[in-house]
Ligand SMILES: [Zn+2]
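In this note's numbering, the protein residues as written are 1 to 390.
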């Protein structure tokens with residue numbers, strides 16, 4: 001078999017942020033034309049990370065990849081969309097450059113057109129779409145050695161779970177929170193775990209500090225003959241419903257002036273386990289049957305902000321974060337959580353695979369994190385404007 005040959009036609013360079021893990025997918029739009037109509041030429045692309053001086057190759061994001069027969073250039077100079085091509089993860093160091101080399105296998109002309117359209121949608125893709133991690137697939141941690149909230153050094157620091165352990169979160173920051181900040185953050189986090197996610201956690205048997213105390217039955221509300229009563233049903237039958245708030249866009253992005261609290265524009269109800277309510281009603285009777293849902297939008301928004309901030313520290317390291325917009329509201333020092341946390345008006349950007357998904361999305365130097373807890377149950381996605389990198 002003939003080895004693929006890259007005839008270098010174009011090179012595109014993109015500078016990542018130091019400490020950034022580059023991974024995900026990339027899309028390329030190229031214009032090519034076979035020079036010899038009798039022998040079709042196909043595209044070839046190689047993406048690697050090199051040091052600033054070009055001396056040292058740090059890693060290959062995409063090994064030399066060429067298109068098959070169906071992806072060959074015709075006799076006309078016409079655009080081809082390549083991808084999404086999956087990249088292998090590489091951790092960038094200071095001064096690193098990502099180099100995209102685009103060429104052909106066989107005689108072809110590959111070039112950028114004069115119409116002003118991007119021919120390599122690379123930096124945008126890599127920065128905006130793709131620092132995705134599904135928590136089921138990878139376990140990762142980072143040692144911080146400093147309180148990520150107040151900067152305290154020297155006291156015993158405790159471990160932080162990016163996604164709460166009680167939601168089976170896998171990612172951890174080691175030596176990352178002082179006792180005072182842990183009291184604050186675990187205060188609202190525990191409330192959210194107990195109230196908003198409590199029954200779902202029991203029914204899905206998620207991690208617990210006291211697994212032996214898991215109840216075998218849970219209560220549902222039934223109205224019979226105009227009277228409301230509570231009955232106990234086995235955990236397997238219990239309709240675990242999450243009622244998650246749908247927020248307005250983060251105020252900062254919508255251009256709303258700072259206000260307190262957070263605007264709730266709707267509720268997304270998602271059943272994650274148990275029997276459907278209609279079936280339960282057949283089984284237990286009554287004119288009405290339901291479960292009690294606790295709804296705490298502000299505490300929930302703070303818990304989402306904590307996940308987003310923790311994920312940012314995990315991705316970049318504390319030293320690369322220049323400003324942390326969301327921190328005062330997260331800690332409860334200010335009440336403008338709705339300025340930094342919200343929902344997009346579009347459908348979720350993170351696919352609904354894996355239990356939870358967190359994606360980091362750069363908007364210029366601003367760090368946006370998309371948080372989707374219970375993604376696989378089609379739960380809503382939240383956008384957190386975390387802050388800014390250096
Ligand atoms: Zn602290």
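The beta carbon of each residue, even a glycine, is placed where N, CA and C say it ideally should be.
Please name the residue or residues paired with residue 288 in a DSSP beta bridge. 223
Between 35, 103 and 89, which lies nearest to residue 67 when the distance is taken from Cα to Cα? 103
Whole-angstrom distance between residue 233 and residue 192, CA atom to CA atom: 23 Å
Can you give me the C-alpha to C-alpha distance between residue 280 and residue 62, rounded to a whole angstrom? 52 Å
Which of the three DSSP states, helix, strand or coil, is assigned to residue 228? strand
Are residue 371 and residue 385 closer than 8 Å when you measure CB to CB? no
Tell me, please, whether the region 85-101 touches the region 50-59 by the rule of three or more beta-carbon pairs shorter than 8 Å. yes
Reducing DSSP to helix, strand and coil, say where residue 371 ends up. strand
Ordered list of beta strand (DSSP E) runs contained in the region 158-205, each at least 3 residues: 158-161 and 172-177
Tell me which residues share the same chain as residue 305 and place their Cβ nearer than 6 Å to its Cβ, disregarding the 5 neighbours each side in the sequence. 326, 330, 341 and 384
Using the Cα positions of residue 2 and residue 107, report the straight-line distance between them to the nearest angstrom. The predicted model places residue 2 with a pLDDT of 44, which falls under 50 and marks its position as unreliable, so this point remains unresolved.
Return the first residue and the last residue of the beta strand (DSSP E) that residue 382 is part of. 382-389
Look up residue 235 in the DSSP assignment and say whether it is helix, strand or coil. coil
Go through the residues and name those whose CB comes closer than 5 Å to any heavy atom of ligand 3, in chain order. Of the ligands one can find in the structure shown, namely ligand 1, none is ligand 3.
Alpha carbon of residue 299 to alpha carbon of residue 220, nearest angstrom: 25 Å
Per DSSP, residue 79 forms a beta bridge with which residues? 31
Reduced DSSP category for residue 99 - H, G, I as helix; E, B as strand; rest coil: strand
Mind checking which residues open and close the beta strand (DSSP E) that includes residue 322? 321-323
I'd like the list of long-range same chain contacts for residue 224, defined as Cβ closer than 6 Å, with 5 residues on each side in sequence excluded. 286
Classify residue 58 as helix, strand or coil using the three-state DSSP reduction. strand
Candidates 275, 278 and 268: which alpha carbon is nearest residue 377's? 268
Kindly list the residues whose CB is nearer than 7 Å to the CB of residue 310, restricted to its own chain and excluding five residues on each side of it in sequence; keep chain order. 160, 162 and 173
Unbroken beta strand (DSSP E) run spanning residue 38, endpoints: Element bounds for residue 38: n/a, residue is neither H nor E.
Contact set for residue 308: own chain, Cβ-Cβ below 6 Å, skip 5 residues either direction: 369, 371, 384 and 386
Under 8 Å, do residue 167 and residue 320 count as touching if we go by C-beta distance? no
From this set, 149, 170 and 240, which residue's C-alpha is nearest residue 196's C-alpha? 240
Give every residue of the same chain whose Cβ lies closer than 8 Å to the Cβ of residue 289, excluding the five residues on either side of it in the sequence, and list them in chain order. 220, 221, 222, 223, 277, 280 and 281
Could you round the C-beta distance between residue 157 and residue 177 to whole angstroms and report it? I think they count as a contact, below 8 Å. 6 Å
On the criterion of 16 or more Cβ atoms from any shown chain inside 10 Å, does residue 261 qualify as buried, or is it exposed? exposed
To the nearest angstrom, how far is the alpha carbon of residue 317 from that of residue 144? 8 Å
Taking Cβ positions, are residue 365 and residue 388 nearer each other than 8 Å? yes
List the endpoints of the continuous beta strand (DSSP E) containing residue 271. 264-273
What residues match up with residue 143 in a beta bridge as DSSP calls it? 174
Sequence-distant residues of the same chain with beta carbon closer than 7 Å to residue 271, five excluded per side: 239, 240 and 241
Whole angstroms are fine: how far does the CA of residue 33 sit from the CA of residue 135? Note that residue 135 has pLDDT 30, beneath the 50 cutoff, so the model's placement of it is unreliable and no number is given.
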